[in-house]
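See structure below.
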Amino acid sequence: MARIGVFICHCGTNIAGTVDIAKVVEAAKRMPMVVFVDDNRYTCSEPGQASVREAIIENRLNRVVIGSCSPRMHENTFRRTIASVGLNPYLLEVANLREHCSWVHSGDRVAATAKAIELVRMAVAKVARDEALFPKQIGLTKRALVIGGGIAGIQAALDIADSGHEVILVEREPSIGGRMAQLDKTFPTLDCSACILTPKMVDVAQHPNITLLTYAEVEKLSGFVGNFNVEILQKVKR
Ligand SMILES: Cc1cc2nc3c(=O)[nH]c(=O)nc-3n(C[C@H](O)[C@H](O)[C@H](O)COP(=O)(O)OP(=O)(O)OC[C@H]3O[C@@H](n4cnc5c(N)ncnc54)[C@H](O)[C@@H]3O)c2cc1C
Ligand code: SF4
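Counting from 19, one number per residue, gives the positions in the sequence shown under my numbering.
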């Protein structure tokens, strides 16, 4: 049975100046499976985090919602906070009441408060369905695929190859170069396009870490970051 704790952060006046925190707290108390609700002036501060830890222990909370800033800012902080008292760190949801609410609706307290309540409601619904996650390590192949041999793909391939990793550069046309190979001079400096491009094309062809597949296309891509599987169609025999 989920026992959800909800903590609403004022962020000084960043959130509390626009959102009626007391109304959000009252609404959260009526949400399903919510057994504890509190508000803090600065939840990320040490006293703020301590009050979250105490509430988890005293109320036997097993899931937590923090209504605060963007998860980019403090999701990891709060994951560590709840993990320090034995909760799985992924049984946490952050409702973004600042960047997604108070900062963008500062002229309308009523609408901002209603939206904040909905954001908290969504986070509560999600955290109730969250499952404990456990990080694991898997092997990865340090080889990169670059699709498209225009100037962007050429430079990316060279940068990765120069840093010591193997690169497969796939270009669907018979030659790399892309748009830039079609230009004479480039705006705004009126540099000679070929003078910039061709040395890089030669570097790609000669680089020991780069395998260049021209007149080839990616047919199928599966897997995930660190472990992609790619099928490449070579259109003519090389
Ligand atoms: C007419 C014109 C004038 C321009 N003038 C200027 C200028 O004066 N100054 C300036 O700075 N910029 C200029 N640009 C812009 C500049 O050329 C482009 O921003 C730049 O070349 C883009 O490089 P890119 O590598 O991102 O893409 P592209 O050069 O388009 O290269 C993409 C490459 O990927 C390949 N590719 C695409 N899909 C696949 C696939 N599925 N599988 C395999 N290969 C694939 C394509 O064949 C191509 O070789 C101009 C562009 C045009 C069209
Ligand atoms: S948790 Fe985020 S919203 Fe709350 S005080 Fe810290 S920075 Fe502000």
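For glycine and all other residues, C-beta sits at the position ideal for the given N, C-alpha and C.
Roughly how many angstroms separate the alpha carbons of residue i and residue j, rounded to a whole number?
i	j	result
Glu-189	Val-220	15 Å
Val-37	Val-243	39 Å
Tyr-60	Leu-215	53 Å
Asn-227	Arg-147	46 Å
Glu-93	Glu-72	19 Å
Cys-213	Thr-207	13 Å
Cys-29	Leu-187	48 Å
Ile-135	Pro-65	25 Å
His-123	Ile-165	42 Å
Val-53	Ala-45	12 Å
Val-128	Ser-120	11 Å
Glu-191	Pro-153	42 Å
Ile-75	Ala-234	59 Å
Thr-31	Lys-47	22 Å
Gly-167	Thr-95	41 Å
Pro-205	His-225	A small correction: the amino acid at residue 205 is Phe; Pro does not occupy that position in the sequence shown. Rounded to whole angstroms, Phe-205 to His-225 spans 29 Å at the Cα level.
Ala-132	Gln-67	26 Å
Ser-63	Cys-27	11 Å
Could you tell me whether the Cβ atoms of residue i and residue j are closer together than 9 Å?
i	j	result
Ser-193	Thr-232	yes
Asp-57	Ala-40	yes
Gly-85	Ile-22	no
What's the call for residue i, buried or exposed, on a 16-neighbour Cβ count within 10 Å?
i	result
Asn-245	exposed
Pro-107	buried
Gly-195	buried
Gly-157	exposed
Ala-179	buried
Phe-25	buried
Cys-210	exposed
Leu-105	buried
Ser-161	A small correction: the amino acid at residue 161 is Arg; Ser does not occupy that position in the sequence shown. So Arg-161 ends up on the exposed side.
Ala-130	buried
Val-185	buried
Given residue i, which residues of its chain have a CB within under 8 Å of its CB, disregarding the five upstream and five downstream residues?
i	result
Ala-223	Leu-230
Lys-218	Ile-169, Ile-172, Gln-173 and Leu-176
Glu-237	Glu-249, Ile-250 and Leu-251
Gly-35	Ser-120 and Ser-124
Glu-117	Cys-87 and Ser-88
Val-254	Tyr-233
Leu-137	Gly-85, Ala-113, Asn-114, Leu-115, His-118 and Cys-119
Val-142	Ile-22, Val-24, Ala-46, Met-49, Pro-50, Met-51, Val-52, Val-83 and Glu-111
Arg-97	Pro-107, Tyr-108 and Leu-110
Might you give, ordered along the chain, the residues of its own chain that have their beta carbon closer than 6 Å to the beta carbon of residue i, omitting 5 neighbours on each side?
i	result
Ser-240	Asn-247
Val-70	Phe-25 and Thr-99
To which residues of the same chain is residue i closer than 7 Å at the C-beta, ignoring the five residues directly before and after it?
i	result
Ala-20	Met-51, Asn-80, Arg-81 and Ala-146
Lys-144	Glu-111
Asp-202	Ser-211
**Study point:** ligand 4 site residues, beta-carbon cut 6 Å against heavy atoms
**Key:** Here the bound small molecules are ligand 1 and ligand 2; ligand 4 is not part of this structure.
**Study point:** Segments assigned alpha helix (DSSP H), at least 4 residues, entirely inside the stretch 76–145
**Key:** 89–101
Check your understanding: What runs of the alpha helix (DSSP H), each 4 residues or longer, lie entirely inside the stretch 21–74?
Key -> 39–47
Check your understanding: In chain order, which continuous runs of the alpha helix (DSSP H) of length 4 or greater are located wholly inside the stretch 183–227?
Key -> 211–224
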